[in-house]
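Visitor: I'd like to ask you about the structure that follows.
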Amino acid sequence: MSSVAKWILGGLGFVLGGPIGALVGVLIGSLIPEGVIKKQDFTDNDSNTTNEFESEFSSRRRPYHKTTTGDIHISLLVLIAAVMKADGHLKRSELELVKRFLLNNYGEQDAKQLLQVLKQLLEKDIDVEAVADQIRVNVNYSTRLEIIHFLLDLANADGEFLEQESNVIETIYLHLGISQADYLSILAPYKKQKNPNWVYQTLEITPDATNEEVKKAYRRMAMKYHPDKVTSAGEDIKQKATEKFRSVQEAYETICKARGIK
Numbered sequence: 002m003s004s005v006a007k008w009i010l011g012g013l014g015f016v017l018g019g020p021i022g023a024l025v026g027v028l029i030g031s032l033i034p035e036g037v038i039k040k041q042d043f044t045d046n047d048s049n050t051t052n053e054f055e056s057e058f059s060s061r062r063r064p065y066h067k068t069t070t071g072d073i074h075i076s077l078l079v080l081i082a083a084v085m086k087a088d089g090h091l092k093r094s095e096l097e098l099v100k101r102f103l104l105n106n107y108g109e110q111d112a113k114q115l116l117q118v119l120k121q122l123l124e125k126d127i128d129v130e131a132v133a134d135q136i137r138v139n140v141n142y143s144t145r146l147e148i149i150h151f152l153l154d155l156a157n158a159d160g161e162f163l164e165q166e167s168n169v170i171e172t173i174y175l176h177l178g179i180s181q182a183d184y185l186s187i188l189a190p191y192k193k194q195k196n197p198n199w200v201y202q203t204l205e206i207t208p209d210a211t212n213e214e215v216k217k218a219y220r221r222m223a224m225k226y227h228p229d230k231v232t233s234a235g236e237d238i239k240q241k242a243t244e245k246f247r248s249v250q251e252a253y254e255t256i257c258k259a260r261g262i263k
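Put into structure tokens, the structure is as follows:
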């Protein structure tokens with residue numbers, strides 16, 4: 002049995018219900034070897050309900066409140082599909098980024114299976130507000146910040162942010178319960194060539210902040226984005242936190258150099 006199948010059976014929690022379960026239940030159920038679970042557990046036999054996967058399998062095997070690395074990755078895969086299809090064109094640069102993410106976490110064989118799930122998600126209508134709402138109540142704030150970070154990487158994979166993609170990500174961050182200041186802080190390093198105040202925006206302060214306020218902001222932001230806060234979300238999400246941690250350090254050091262702060 003593949004590792005994907007194993008964590009479907011024993012390592013998924015809240016994504017087996019709600020709007021995410023309705024989107025991916027049958028898709029991920031198709032990755033289970035025949036005979037391990039009854040076929041009807043993964044079949045939508047009633048148009049008035051979501052599917053048998055959600056109504057039977059999840060209630061018998063995994064409580065909705067449990068959050069695992071697999072939950073986070075499946076949730077992210079749904080949001081990835083929403084961003085990728087936002088402008089009506091699938092870009093090779095975005096697909097390559099997603100492939101690397103899946104390969105790093107699951108290996109070649111399982112990555113291929115999950116890419117098939119992504120392909121089918123790209124053909125579905127995704128209610129990003131409902132999906133993000135479900136993630137908000139099940140995933141900690143630090144991990145939600147890094148989900149937004151990953152989606153911004155995806156949208157910027159070809160070096161530019163398209164309006165349609167930005168609009169989808171803005172909807173997602175609002176429904177994830179991310180503050181505007183935190184969103185703009187994550188976004189700021191992408192705009193450093195065009196925004197001379199990106200260093201202040203990264204630290205969530207204004208250019209008229211005192212030196213002491215700069216130091217306090219740096220300590221606060223360094224704590225907020227410390228990679229240890231997202232260790233349970235998988236190595237790629239932890240890497241996003243590390244990148245943000247470094248951008249906070251860069252912003253602080255740039256301000257210190259300009260102001261002569263020691």
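Under the numbering used here, the first residue of the sequence shown is numbered 2, with each subsequent residue one higher. Each residue gets a CB set at the ideal place from its N, CA and C atoms; glycine is no exception. These numbers were taken from a predicted model, which means no experiment stands behind them.
1. With 16 as the cutoff for other CB atoms within 10 Å, does Glu-124 come out buried or exposed?
2. Looking at the C-beta of Leu-122, does it have a partner C-beta in chain B at a distance below 7 Å?
3. How far does the alpha helix (DSSP H) with Asn-139 in it extend, from its first residue to its last?
4. Going by other Cβ atoms of all chains shown within 10 Å of its Cβ, with 16 needed for buried, is Arg-260 buried or exposed?
5. Answer yes if the stretch 150-166 comes into contact with the stretch 186-196, meaning at least three C-beta pairs across the two stretches below 8 Å, and no otherwise.
6. With burial defined as no fewer than 16 other Cβ atoms inside 10 Å of the residue's Cβ, what is the status of Leu-78: buried or exposed?
7. Let's test the definition: count the other Cβ atoms within 10 Å of the Cβ of Val-138 and tell me whether it reaches 16, buried, or not, exposed.
8. With a CB to CB cut of under 6 Å and the five nearest residues on each side skipped, what residues in its chain are close to Glu-95?
9. Should Ala-242 and Val-231 be called a contact, given that it needs their Cβ atoms to be closer than 7 Å?
10. Measuring straight from C-alpha to C-alpha, what distance separates Arg-1 and Tyr-107?
11. CB Ile-75 to CB Ala-133, shorter than 7 Å?
12. Grab me the residues of Asn-245's own chain with a C-beta within less than 7 Å of its C-beta, minus the 5 sequence neighbours each way, in chain order.
13. Between Ala-182 and Glu-205, is the Cβ-Cβ spacing less than 7 Å?
14. Label Gln-1 either buried or exposed according to how many other C-beta atoms from any shown protein chain fall within 10 Å of its C-beta, with 16 as the threshold for buried.
15. Output the boundary residues of the alpha helix (DSSP H) element that contains Ala-259.
16. Does the beta-carbon of Thr-207 have 16 or more other beta-carbons within 10 angstroms, so that it is buried, or is it exposed?
17. Cα separation between Lys-120 and Leu-177?
18. Would you tell me roughly how many angstroms separate the C-alpha atoms of Leu-24 and Glu-166, rounded to the nearest one?
Guide: Once the coordinates are examined:
1. Exposed is the call here.
2. Structure shown: chain B not included; a single protein chain is present.
3. No alpha helix (DSSP H) holds Asn-139; DSSP gives it neither H nor E.
4. Burial call: exposed.
5. Yes, since at least three Cβ pairs between the stretch 186-196 and the stretch 150-166 fall closer than 8 Å, the two stretches touch.
6. In summary, Leu-78 is buried, with 16 or more beta-carbon neighbours lying within 10 Å of its beta-carbon over all protein chains present.
7. Exposed, because fewer than 16 other Cβ atoms sit within 10 Å of the Cβ of Val-138.
8. Cβ within range, chain order: Met-85, Leu-155 and Ala-158.
9. At the C-beta level, Ala-242 and Val-231 come within 7 Å of one another.
10. Missing from the structure shown is residue 1; the chain here goes from 2 to 263 and no further.
11. No. Outside cutoff.
12. Here residue 245 is Lys; the residue named in the question, Asn, does not match the sequence. So the list reads His-150, Ile-187 and Tyr-226, once near-sequence residues are dropped.
13. A contact, by the Cβ cut-off of 7 Å.
14. Only positions 2 to 263 of the chain appear in the structure, and residue 1 is not among them; the question remains open.
15. In this chain, the alpha helix (DSSP H) harbouring Ala-259 covers 236-260.
16. A residue is called buried once 16 or more other Cβ atoms fall within 10 Å of its Cβ, and Thr-207, having fewer, is exposed.
17. For Lys-120 and Leu-177, the distance between alpha carbons rounds to 24 Å.
18. Cα to Cα, Leu-24 sits roughly 21 Å from Glu-166.
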